[in-house]
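Working notes for the structure below.
In this note's numbering, the protein residues as written are 37 to 477.
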């Protein structure tokens with residue numbers, strides 16, 4: 037099945053490009069605010085962006101859950117389910133988005149208690165936060181639309197959607213801050229405008245796909261309770277899985293800060309390397325989601341197995357590529373990210389921990405895609421929680437005398453455990469023939 041390789045890359049490269057462009061937005065925010073006379077504006081937006089990153093990352097189930105279910109319906113040629121999942125996901129996104137707006141004040145108070153900004157930064161942060169929160173419904177709807185388009189095998193549409201959102205955001209950033217003289221409020225307003233414009237464009241892309249596929253709108257399925265409960269179940273598992281991941285990253289950062297400012301800064305640089313890895317590997321995870329989901333919908337075991345093997349192969353190749361990049365050019369990249377000698381030396385000291393991490397973590401990214409395509413998100417939830425409670429926290433506690441090396445050891449153990457547990461779960465379910473009821477089985 038040589039065409040499988042083409043299909044995998046047809047999905048992977050647009051998502052890799054889209055993921056790589058996303059960090060540019062943060063750089064532009066830093067650039068436009070960094071030229072203002074006071075550092076409080078940049079600090080306020082940095083904290084505000086962190087708050088929204090935590091909120092929206094935990095809501096990533098709108099994208100992932102929608103992709104798996106739609107891909108299965110697409111493979112089964114079930115147009116009613118395709119429409120039902122789309123509208124139920126949008127309705128759920130609107131409801132939760134409005135709830136986030138209603139809960140904006142307590143979330144803000146909790147966040148400021150955690151970050152403890154100065155009074156000047158806190159005032160600017162409030163201006164930023166209480167403007168940007170109004171884009172919550174649009175952001176969550178965009179997640180659902182993005183997942184739906186990937187599930188429908190429209191590989192370039194998500195790229196266009198993300199490029200538009202980021203481009204508009206960047207242009208409005210410059211216009212509001214440098215053109216109109218606004219501060220953090222300008223950055224927030226730019227984000228809100230970009231999110232709603234992106235939502236409108238996403239809805240246009242969806243309607244165009246529906247016309248191309250000759251799928252008529254049928255709203256009767258919206259009230260199908262069993263389908264809605266399936267969507268809620270899939271999303272619930274993904275939510276708790278995301279919370280576990282968020283906890284590990286936040287805990288890693290918090291413990292690093294207790295080891296000193298230099299260690300905190302060096303760890304932040306190395307974690308950015310890890311985010312670069314995930315952006316590259318996520319392209320193949322997206323391919324696994326859509327292609328395995330379609331194979332499940334068709335109940336074609338041969339296609340499913342070929343997809344799993346091929347996405348696993350290309351994920352491993354990409355992981356080796358990152359390993360070589362960090363091995364040969366890690367110190368050069370560190371030097372590009374900081375001019376402070378103390379931080380460069382510290383980051384270079386802990387760089388060996390990161391070099392082999394792609395080969396350890398790649399299998400969990402790959403299996404995430406496979407299990408999303410299978411809509412078996414309970415496995416993702418359980419393995420991530422188990423890796424956190426049984427490996428990350430105990431090993432961190434036992435390795436505390438090792439300082440930052442112990443912290444990285446715990447993170448390694450978490451990544452290895454998540455990969456091993458997910459691969460083992462897949463193997464056991466496949467061996468017991470409990471993945472899917474295939475044709476002729």
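Ideal Cβ positions, reconstructed from N, Cα and C, are used throughout, including at glycine.
These numbers were taken from a predicted model, which means no experiment stands behind them.
In chain order, 315, 316, 318 and 319 place their CB closer than 8 Å to the CB of residue 52, counting only its own chain and leaving out the 5 sequence neighbours on each side. If you draw a straight line from the Cα of residue 155 to the Cα of residue 94, it comes to about 28 Å. With contacts defined as CB atoms closer than 8 Å, residue 335 and residue 472 qualify as a contacting pair.
Taking C-beta separations shorter than 7 Å and ignoring five residues to either side along the sequence, the partners of residue 281 in its chain run 420, following chain order. For the segment 226-301, the continuous alpha helix (DSSP H) assignments of 4+ residues that do not extend past its boundaries occur at 261-294, in sequence order.
Residue burial is scored here from C-beta neighbours: residue 142 has fewer than 16 other C-beta atoms within 10 angstroms and is therefore classed as exposed. By the CB criterion at 8 Å, residue 177 and residue 251 fall outside the cutoff. The Cβ atoms of residue 127 and residue 109 lie no closer than 8 Å to each other. Counted as a single uninterrupted DSSP element, the alpha helix (DSSP H) harbouring residue 385 occupies residues 377-391.
Going by beta carbons, residue 415 and residue 458 fall inside the 8 Å limit. For residue 416, the enclosing alpha helix (DSSP H) covers residues 413-423. Close CB contacts of residue 387 within its chain, under the 8 Å cut and outside five residues either way in sequence, are with 306, 362, 366, 367 and 370 (chain order). For residue 90, the enclosing alpha helix (DSSP H) has its first and last residue at 76-94.
If one requires a minimum length of 4 residues, the alpha helix (DSSP H) runs lying completely within the segment 115-176 are 115-138, 140-151 and 155-168, in chain order.
A residue is called buried when at least 16 other Cβ atoms come within 10 angstroms of its Cβ; residue 100 meets this threshold and is buried. For residue 185, the three-state secondary structure derived from DSSP is helix.
In the three-state scheme derived from DSSP, where H, G and I count as helix and E and B as strand, residue 471 is classed as coil. Annotation: residue 209 to residue 220 spans about 10 Å, alpha carbon to alpha carbon. Rounded to the nearest whole angstrom, the C-alpha separation of residue 360 and residue 324 is 24 Å.
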